[in-house]
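Some notes on the structure that comes next.
Number of protein chains: 2
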Amino acid sequence: MDFLLLAAIARQPLHGYGVVEAIRQATGNELDLAEGTVYPALYRLERAGLLASSWKTVRGRRRRIYRLTRRGRTRLERERREWTAFAGAVEAATA
Amino acid sequence: MDFLLLAAIARQPLHGYGVVEAIRQATGNELDLAEGTVYPALYRLERAGLLASSWKTVRGRRRRIYRLTRRGRTRLERERREWTAFAGAVEAATA
DNA sequence: TGGCAATACCTTGCGATCCGAGGTATTGAA
DNA sequence: TTCAATACCTCGGATCGCAAGGTATTGCCA
């Protein structure tokens, strides 16, 4: 989950709702995260210093835009390595 | 998790402790499941009709040997499809 | 022979987490 | 004017993986 959120925001700064849409589109509806999942996860990542946020108003709607911090970028690389290792292990164990 | 357990037991009937070892070996220590994870999961899968078990004593130690039921085999195929779709989606969303 | 590692089973409780369901507010189209 | 879409948020339930604890046996080694 953290991996997905960090990766989406790494491409470009995004707000919560935008993250949900970006991931849904990138995966052709395969991954459709609930808002009740994403918002708390974003707070968690910000509290952990991996994301930073700022408010912005676009067409009368307020958005909280998230961007990666330096630590967030480092963590993203780690998440990617861990995902690769994990996915490889699952393949090996289930082949 | 279910996917890993079903896949391990599909290769050959196994007991709980053996499942832990099989997966650890297959993944070069990458996946090292806790017993507190595996045993309850096996009960769950048996209760769901995906596994069947029988007792056996080997060198003075009793083992509960699990094997896949027909439904378990069907479920395994489904789990494999779902894993493939999921892994592909993660790749797409994080590339 | 005494003790410890390995084998093998099991249960309990904590923490994390994902989601569904509900709530608020705005814009824009039908 | 009403409804879908956009956009935020919170709460509670259910699940789940694990650490930690427990029991019992075998077999090795000091």
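Same order as they appear, the protein sequences are chains X and W. Here this note's numbering is used: the first residue of the first sequence is 1, the next is one more, and so on. Here this note's numbering is used: the first residue of the second sequence is 101, the next is one more, and so on. Ideal Cβ placement from N, Cα and C applies to all residues, glycine included.
Determine, using beta carbons only, whether residue i comes closer than 7 Å to chain X.
i         : result
Glu121(W) : no
Thr127(W) : yes
Leu150(W) : no
Leu104(W) : yes
Thr157(W) : no
Roughly how many angstroms lie between the CA atoms of residue i and residue j, to the nearest whole one?
i         : j         : result
Gly116(W) : Val38(X)  : 36 Å
Val190(W) : Val158(W) : 43 Å
Leu105(W) : Val19(X)  : 33 Å
Glu130(W) : Ile65(X)  : 36 Å
Pro140(W) : Gly188(W) : 29 Å
Quick test of your reading: residue i and residue j, contact by CB under 8 Å. State the CB separation rounded to the nearest angstrom.
i         : j         : result
Arg151(W) : Leu168(W) : With the sequence shown as reference, residue 151(W) is identified as Leu, and Arg is not the correct amino acid for it. Sure, about 6 Å apart at Cβ, within 8 Å.
Thr127(W) : Ala95(X)  : Incorrect: roughly 11 Å between the Cβ atoms, too far for contact.
Can you check which of these residues, the options, is closest to residue i by C-alpha distance?
i         : options                                    : result
Gly49(X)  : Glu21(X), Ala26(X), Thr74(X), Gln12(X)     : Thr74(X)
Leu45(X)  : Phe86(X), Ala7(X), Thr27(X)                : Ala7(X)
Glu153(W) : Pro113(W), Gly160(W), Asp102(W)            : It is worth fixing the name first, because residue 153(W) is Ser in this sequence and not Glu. Of Pro113(W), Gly160(W), Asp102(W), the residue nearest in Cα terms is Pro113(W).
Glu135(W) : Glu179(W), Thr194(W), Ala122(W), Glu182(W) : Ala122(W)
Ile9(X)   : Arg70(X), Phe86(X), Asn29(X)               : Arg70(X)
Under 8 Å (Cβ pairs) to chain W, residues found in the stretch 28–43 of chain X
Gly28, Glu30, Leu31
request  = Name, going along the chain, the residues of the stretch 69–87 of chain X whose beta-carbon falls closer than 9 Å to a beta-carbon of chain W.
outcome  = Leu76, Glu79, Arg80, Trp83, Ala85, Phe86, Ala87
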